[in-house]
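Sequential numbering from 18 applies to the sequence shown in this note's numbering.
Some notes on the structure that comes next.
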Amino acid sequence: MMINPDDLLFRIETRPRAQEYERRYLGASEIGEECNRKLWLKFHGYAQPEQFSDRMLRLFKRGIDEELRFESYLDSIGIEIVDTCRSQAGFKDGFFAGHGDGVYLIDGDRVCGEMKTHSVKSFATLKRGELKFSHPKHYAQCIVYTGKFNCKYALYMAVCKDTDELFFDCIPFNQEEFDAYLAKAEYITMADKPPERIATKPTAFACKFCHVKDICWGFEMPRVDCRNCTSATKHQEFASFGCDKIQKSNDLVKRSSNNQLDERGYCESHSFNPYAMHELQGWEPLEFHPQHRAVEYKKPDGETIINGEAPFGVPSKDLRA
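Okay, here's the thing in structure tokens:
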């Protein structure tokens, strides 16, 4: 008896996967994101990491596989490859970090490579206009890596996934834009207050497909995470978060990314950053109770509530219940 192919496919698509690693840094691949608030909320752990289907993960894997093909094309015409796509030349600047797709010597110039796959529509948009405007995130990566890897320019290599058509472009380095991206990274990672929203209403197109929308607009209570606690401290030089309460690095108390309270995660003393609760939920901070690391608020309906460890306050995890 032959196996049911639909059943086989279903089992593949729904099989348990290894838990995905959650970044504890701001990546160069994100710095071109238009919405600073989205970056801030993600970096400080206010929303669950975005979950991807098996199909999307295969698409990401396709992009990684294409890097080897691009590299083989360059090698076949005698381009000297200084850093391969597999060695992933990287940089770490405090909480800002990234890994490039390669570094080459072309006609005596040191050049960094950025490789991308595109759908038919995205590829057509890419060919019609400047990368800076058609794909600002990709452009930002090119500028950041060019500056960080001491290169003269970036070689942007793209392939259409549907037709295998190739497109190459050279992106010259711009010092002013490079400095602006670094300043943006420092602001996102070090600011205590969330940036302004990118739109005036949640139905705006910019917010429509955003996975942090419900947190950003106050429809959902934030995720509990050491990084968004009143006791959290930042040590940029070590790219780590610390805790005023336990006086040690939270990197030694790794949080479970499935948001379960255990020895790896947030503790019972967690209380939300009051700046964020005011911005996200409209709660007005009234008083900080340092002995309990708790914050007292007035909610929009007039009710007062203390967020902190029980029995003095309401634990953060219970606010999400």
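Don't be surprised by glycine CBs; every beta carbon is placed ideally from N, CA and C.
Cβ shell of residue 249 (< 8 angstroms), same chain only, five flanking positions each side left out:
For the purposes of this step, residue 249 is taken as the residue at position 232 of the sequence shown. For residue 249, same chain residues with a beta-carbon under 8 angstroms away, outside a window of 5 residues either side, are 243, 258, 259, 260, 261, 267, 290 in chain order.
By the three-class DSSP mapping on this structure, what secondary structure does residue 41 have?
Indexing the sequence shown from 1 puts residue 41 at position 24. Correct three-state label for residue 41: coil.
Quick one: Cα of residue 218 to Cα of residue 155, how far?
Mapped onto the sequence shown, residue 218 falls at position 201. Mapped onto the sequence shown, residue 155 falls at position 138. Their backbone Cα atoms lie some 27 angstroms apart in a straight line.
Could you please give me the residues that DSSP links to residue 134 through a beta bridge?
Indexing the sequence shown from 1 puts residue 134 at position 117. For residue 134, which the question treats as bridged, DSSP gives the partners 176.
Classification of residue 167 by the beta-carbon crowding that lies within 10 angstroms, buried from 16 upward
For the purposes of this step, residue 167 is taken as the residue at position 150 of the sequence shown. Residue 167 should be labelled exposed.
Suppose you measure from the CA of residue 227 to the CA of residue 53; what does that come to, to the nearest Å?
Position 210 of the sequence shown holds residue 227. Position 36 of the sequence shown holds residue 53. Spanning the two alpha carbons is a distance of roughly 13 angstroms.
Decide if residue 317 is buried, meaning its Cβ has at least 16 other Cβ atoms within 10 Å, or exposed.
If you number the sequence shown from 1, residue 317 lands on position 300. Under this definition residue 317 is an exposed residue.
What does a CB cutoff of less than 8 angstroms around residue 145 pick up in its chain, not counting 5 residues either side in sequence?
Taking the sequence shown and counting its residues from 1, the one referred to as residue 145 is at position 128. Correct list, in chain order: 151.
Residue 63, DSSP secondary structure in three states:
On the sequence shown, residue 63 is found 46 positions in, with the first residue counted as 1. Correct three-state label for residue 63: coil.
Output the boundary residues of the alpha helix (DSSP H) element that contains residue 295.
In the sequence shown, counting from the first residue as 1, residue 295 sits at position 278. First-last of the alpha helix (DSSP H) with residue 295: 291-298.
Please name the residue in 119, 307, 107, 141 whose C-alpha comes closest to that of residue 83.
Here residue 83 is taken as the residue at index 66 of the sequence shown, counted from 1. Among 119, 307, 107, 141, the Cα nearest to that of residue 83 is on 119.
What separation, rounded to the nearest whole angstrom, lies between the Cα atoms of residue 277 and residue 81?
Position 260 of the sequence shown, counted from the start, is the residue given in the question as residue 277. Position 64 of the sequence shown, counted from the start, is the residue given in the question as residue 81. In this prediction, residue 277 has a pLDDT of 35, which is less than 50 and means its spatial position is unreliable; nothing more can be read from the coordinates.
Identify, in the order they occur along the chain, each residue of the same chain with its Cβ nearer than 6 angstroms to the Cβ of residue 313, setting aside the five sequence neighbours on each side.
One-based indexing of the sequence shown puts residue 313 at position 296. If we look at residue 313 and ignore the five residues flanking it on each side, its Cβ neighbours are 303, 304, 323.
Less than 9 angstroms separating the beta-carbons of residue 301 and residue 309?
Here residue 301 refers to the residue found at position 284 when the sequence shown is read from its first residue. Here residue 309 refers to the residue found at position 292 when the sequence shown is read from its first residue. Against a cut-off of 9 angstroms, the Cβ pair of residue 309 and residue 301 comes out as no contact.
Contacts around residue 101, its chain only, beta-carbon distance under 8 angstroms, and the 5 residues preceding and following it disregarded
Taking the sequence shown and counting its residues from 1, one reaches residue 101 at position 84. If we look at residue 101 and ignore the five residues flanking it on each side, its Cβ neighbours are 88, 119.
Through-space distance from residue 210 to residue 123, alpha-carbon basis:
The sequence position of residue 123 within the sequence shown is 106, counting from 1. The sequence position of residue 210 within the sequence shown is 193, counting from 1. So the alpha carbons of these two residues sit roughly 44 angstroms apart.
Rank 238, 133, 232, 180 by C-alpha distance to the C-alpha of residue 334 and give the top, closest one.
What you label residue 334 is simply residue 317 of the sequence shown in a count that begins at 1. Nearest C-alpha to residue 334: 238.
Go through its chain and collect everything with a Cβ distance to residue 28's Cβ below 7 angstroms, but skip five positions before and after it.
Within the sequence shown, numbered from 1, the residue matching residue 28 stands at position 11. Correct list: empty, nothing qualifies.
Would you identify the three-state DSSP class for residue 301, choosing helix, strand or coil?
Position 284 of the sequence shown, counted from the start, is the residue given in the question as residue 301. Strand, per DSSP.
Residue from 96, 161, 114, 172 with nearest C-alpha to residue 133:
As a first step, residue 133 must be located in the sequence shown, where it is residue number 116. Residue 172 is the option with its Cα nearest to residue 133.
Measuring CA to CA, which of 188, 212, 223, 160 is closest to residue 59?
For this step, residue 59 is matched to residue 42 along the sequence shown. When only C-alpha atoms are compared, the closest one is 212.
From what residue to what residue does the alpha helix (DSSP H) around residue 155 run?
Here residue 155 corresponds to residue number 138 of the sequence shown, with the count starting at 1. 153-165 is the extent of the alpha helix (DSSP H) around residue 155.
Could you tell me the alpha carbon to alpha carbon distance between residue 107 and residue 116, rounded to whole angstroms?
Counted from its first residue, the sequence shown places residue 107 at position 90. Counted from its first residue, the sequence shown places residue 116 at position 99. Between residue 107 and residue 116, the C-alpha separation is close to 4 angstroms.
Of the residues 198, 143, 139, 178, the one placed nearest residue 162, counting alpha carbons only
Working through the sequence shown from its first residue, we reach residue 162 at position 145. Selected option, being the one with the closest Cα: 198.
Would you mind working out which of 241, 196, 95 sits nearest residue 121, comparing C-alpha positions?
Translated into positions along the sequence shown, residue 121 becomes position 104. Residue 121 has its Cα closest to that of 95, out of 241, 196, 95.
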